[in-house]
Amino acid sequence: MEKLAGIDADFRVMFEKHVTRAQKLRTEPWQNRKKLIKSFGEFVMQNRQRIHEALRADLGKSETETDISEVFPLITEIKHAVRELGNWVEPEPIDAPITYLGTTSELQYEPKGACLIIGPWNFPFMLTLGPLVSCLAAGNTAIIKPSELTPNTSQLMRDMVKEFFEEDLVTVIEGDAQVAMQLLKLPFDHIFFT
3 MEKLAGIDAD
13 FRVMFEKHVT
23 RAQKLRTEPW
33 QNRKKLIKSF
43 GEFVMQNRQR
53 IHEALRADLG
63 KSETETDISE
73 VFPLITEIKH
83 AVRELGNWVE
93 PEPIDAPITY
103 LGTTSELQYE
113 PKGACLIIGP
123 WNFPFMLTLG
133 PLVSCLAAGN
143 TAIIKPSELT
153 PNTSQLMRDM
163 VKEFFEEDLV
173 TVIEGDAQVA
183 MQLLKLPFDH
193 IFFT
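Under our numbering, residues 3 to 196 are what the sequence shown spells out, in order.
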């Protein structure tokens with residue numbers, strides 16, 4: 003990967019692991035993603051107290067506000083992905099052009115590959131991990147760069163990701179804008195930025 007010259011060596015190695023894993027994900031059954039996402043929702047609920055504490059420390063959010071604005075919307079997104087994933091992976095019939103009269107055509111959605119998620123400071127949990135759910139549902143890997151303005155939530159997400167996911171599937175990289183600039187030099191297949 004010569005086009006990665008000039009980028010921190012650790013980032014290059016990590017990115018290459020994600021690219022390799024993304025290729026493997028293309029051949030895995032979608033049901034594996036469904037189980038993983040569902041289990042992640044359970045893991046989030048088991049860690050609500052840690053989430054409350056991190057968001058109180060960073061933004062002064064109460065437990066109720068954290069649940070309403072961060073935790074429950076994420077759980078809703080997870081439940082939606084679990085419920086709909088089977089439909090999302092089905093080929094979508096489309097009209098064939100008139101020149102191909104008598105044939106059928108379909109649209110088959112495929113994973114993009116290695117994705118970058120850059121999280122915001124204002125709703126740092128939901129607006130970072132919500133895109134992660136979509137990313138995983140679509141069969142991609144994710145590197146997450148949370149906001150440095152919410153250090154406790156950032157550290158919590160890093161810890162939770164390390165506890166729950168394999169490193170080549172989801173990785174959290176903490177740091178400032180310079181870290182984000184280094185990550186943006188990598189040839190990600192998709193970038194989520196709120």
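Note that beta-carbon positions come from the ideal geometry of N, C-alpha and C, so glycine has one too.
For P133, the enclosing alpha helix (DSSP H) stretches over residues 128 to 139. Taking all protein chains shown into account, M16 has 16 or more neighbouring C-beta atoms within 10 Å of its C-beta and is therefore buried. Residue pairing of H54 in beta bridges, as defined by DSSP: absent, with no partner found. DSSP, read as helix, strand or coil, puts I175 in coil.
About 7 angstroms separates the Cβ atoms of V174 and P148, confirming a contact at the 8 angstroms cut-off. When the alpha-carbon of I96 is set against those of E18, T106, A140, the nearest one is in T106.
Take the alpha-carbon of L38 and the one of V172: they are about 12 angstroms apart.
Of the residues F166, F195, L158, E176, the one whose Cα lies closest to the Cα of A56 is L158. The C-beta separation of I70 from G43 comes to about 17 angstroms, leaving the pair out of contact by the 8 angstroms criterion.
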